[in-house]
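What follows is one structure encoded as structure tokens, with my remarks underneath.
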Amino acid sequence: MTASFRQAGPADAALVLEFIRELADYEKLSHEVVATAADIEAALGGVSPKVFCEIVEWEGKTAGFSLWFYTFSTFQGQHGIWLEDLYVRPEFRGKGLGKALIRRLAARCSAEGLGRLEWWVLDWNTPSIDFYKSLGAELQDEWTKCRIDGTALEALAKS
Amino acid sequence: MSLTIRSAGPADAELVYSYIRALAAYHDDLDLVTADAGQIEEALSADPPYIHADIAEWDGKPVGGTIWVYMFSTFTGQRNIFLIDLYLDDAMRGRGLGRAMLQHLAARCVKEGVPKLEWTVMNHNKPAIGFYEALGAESSNLATTYWLEGDTLEAVAQP
């Protein structure tokens with residue numbers, strides 16, 4: 000019984016969108032998902048940022064994914080990886096697949112001389128928080144995320 | 000007396016680097032800056048650039064700037080702009096220049112069809128938080144950043 004990994008390409012857009020929706024559902028954020036398969040297809044073939052996606056299969060069945068892109072740290076003067084999504088389907092959990100996906104990204108950082116691997120986690124997501132802490136990840140809780148979008152963004156743009 | 004905002008290029012590397020250091024010093028994090036100006040020049044010269052920057056000039060003299068990157072949101076299926084640094088010379092505060100720099104970036108978002116402008120703020124930075132809220136920005140206390148870097152990144156990278 001083994002896990003196999005493959006890079007997703009634009010042809011996997013529908014599958015990747017399925018995973019995104021399942022992850023959003025787990026995060027109780029389904030109402031925020033407006034992405035279409037065409038959007039994902041364009042992103043996987045895009046340039047700025049170039050979006051990468053790795054799919055893990057267990058005994059030939061699609062089990063989960065990581066989706067990421069390169070970011071840049073002005074403090075380090077180096078690229079890092081921003082892990083946008085990490086998800087393993089419930090029936091495939093407990094087999095170390097999530098850890099394997101993160102480990103592979105950490106290995107990529109090491110091989111490519113990247114400074115950092117970073118991601119968000121929801122504050123109530125205790126199982127994931129425990130998992131990340133077990134990896135040695137550091138919580139950056141001095142920072143709060145801000146965003147401006149929708150009508151507030153347009154209002155600021157015109158002001 | 001007037002404000003102009005222009006895009007930064009590789010020739011502005013030293014200036015942009017000085018803003019990175021000045022912002023780090025403001026946060027008492029200067030020891031975390033291991034980047035050098037050469038890396039910032041490389042970042043601005045790359046095609047596509049690793050980072051983008053705008054410079055604010057008052058009467059033709061640079062007084063501050065923004066440094067930002069494109070990221071991708073799987074929920075919206077669109078890229079968003081992540082503002083890494085917003086810096087303004089101390090002596091130039093109180094004239095609405097910080098707001099003008101954010102307005103310029105918001106206008107870029109609207110023009111490019113980028114639905115979201117995001118950044119982080121340190122939780123204790125009350126002046127900045129007040130400023131952002133006045134612009135209509137929302138903060139998310141639901142999500143916290145985790146990262147792996149240095150030794151912990153190397154450790155996770157091992158098979």
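Residue numbers (numbering that gives the first Met the number 0), protein chains in the order written: chain E, 0 to 158; chain F, 0 to 158.
Each residue gets a CB set at the ideal place from its N, CA and C atoms; glycine is no exception.
Exercise for the section: May I ask you to list the residues that DSSP assigns as paired with E/Trp142? Expected result: E/Trp142 is bridged to F/Met121.
Practice task
Check whether the Cβ atoms of E/Phe71 and F/Leu31 lie closer than 8 Å to each other.
Solution key: Not in contact: E/Phe71 and F/Leu31 (Cβ atoms no closer than 8 Å).
Practice task
Within 10 angstroms of the Cβ of F/Glu13, are there 16 or more other Cβ atoms? Answer buried if so, exposed if not.
Solution key: Note on F/Glu13: under 16 other CB atoms within 10 angstroms of its CB, so exposed under the neighbour-count rule.
Practice task
Identify the contact partners of E/Pro9 in chain F, using a Cβ-Cβ distance below 7 Å as the criterion.
Solution key: Correct list: empty, because the minimum Cβ distance to chain F is about 13 Å.
Problem - Within 8 Å, strictly: CB atoms of E/Glu68 and E/Glu83 - result: The amino acid occupying residue 68 of chain E in the given sequence is Phe; Glu does not appear at that position. For E/Phe68 and E/Glu83, yes; Cβs fall inside 8 Å.
Problem - Interface residues of chain F facing E/Ser109 [CB-CB closer than 8 Å] - result: Near E/Ser109 (Cβ distances below 8 Å), the residues of chain F are Leu152, Glu153, Ala156.
Exercise for the section: Using a cut-off of 7 Å between C-beta atoms, extract the partners of F/Trp146 located in chain E. Expected result: Within 7 Å Cβ-Cβ: Arg115, Leu116, Glu117, Ala136, Glu137, Gln139.
Exercise for the section: Kindly list the residues whose CB is nearer than 6 Å to the CB of E/Trp118, restricted to its own chain and excluding five residues on each side of it in sequence; keep chain order. Expected result: Sequence-distant partners of E/Trp118 (beyond 5 residues in either direction) whose C-beta falls short of 6 Å from its own C-beta, in its chain, are Leu82.
Practice task
Indicate whether the contact test is met: 3 or more Cβ pairs, each with one atom in the segment 15 to 27 of chain E and one in the segment 63 to 72 of chain F, closer than 8 Å.
Solution key: Contact between the segment 15 to 27 of chain E and the segment 63 to 72 of chain F is absent: fewer than 3 CB-CB pairs across the two stretches fall below 8 Å.
Practice task
Could you tell me which chain E residues have their CB closer than 7 Å to the CB of F/Met217, listed as they occur along the chain?
Solution key: No information on residue 217 of chain F is available, as it lies outside the stretch 0 to 158 that chain F covers here.
Practice task
Assign F/Met0 to buried or exposed, taking buried as 16 or more other Cβ atoms, counted over all protein chains shown, within 10 Å of its Cβ.
Solution key: Within a 10 Å sphere around the beta-carbon of F/Met0 sit fewer than 16 other beta-carbons, which makes this residue exposed.
Exercise for the section: Report yes if the CB atom of F/Leu134 is closer than 8 Å to the CB atom of F/Arg98, and no otherwise. Expected result: In contact: F/Leu134 and F/Arg98 (Cβ atoms closer than 8 Å).
Practice task
Give me whichever residues DSSP pairs with F/His51 in a beta bridge.
Solution key: Under DSSP, F/His51 takes part in a beta bridge, and its partners are F/Trp67.
Practice task
Kindly indicate which residue of E/Ala34, E/Arg88, E/Ser127 has the alpha-carbon position closest to the one of E/Ala136.
Solution key: With distances taken between Cα atoms, E/Ala136 lies closest to E/Ser127.
Problem - Length of the line joining the Cα atoms of E/Lys159 and F/Lys125 - result: Shown here, chain E extends from 0 to 158; a query on residue 159 of chain E therefore has no answer.
Practice task
Buried or exposed for F/Thr3, please, with buried defined as at least 16 other CB atoms from any protein chain shown within 10 angstroms of its CB.
Solution key: A residue is called buried once 16 or more other Cβ atoms fall within 10 Å of its Cβ, and F/Thr3, having fewer, is exposed.
Exercise for the section: Select from E/Arg20, E/Ser47, E/Thr61, E/Glu21 the residue whose C-alpha is nearest the C-alpha of E/Gln6. Expected result: Closest option to E/Gln6, Cα to Cα, is E/Thr61.
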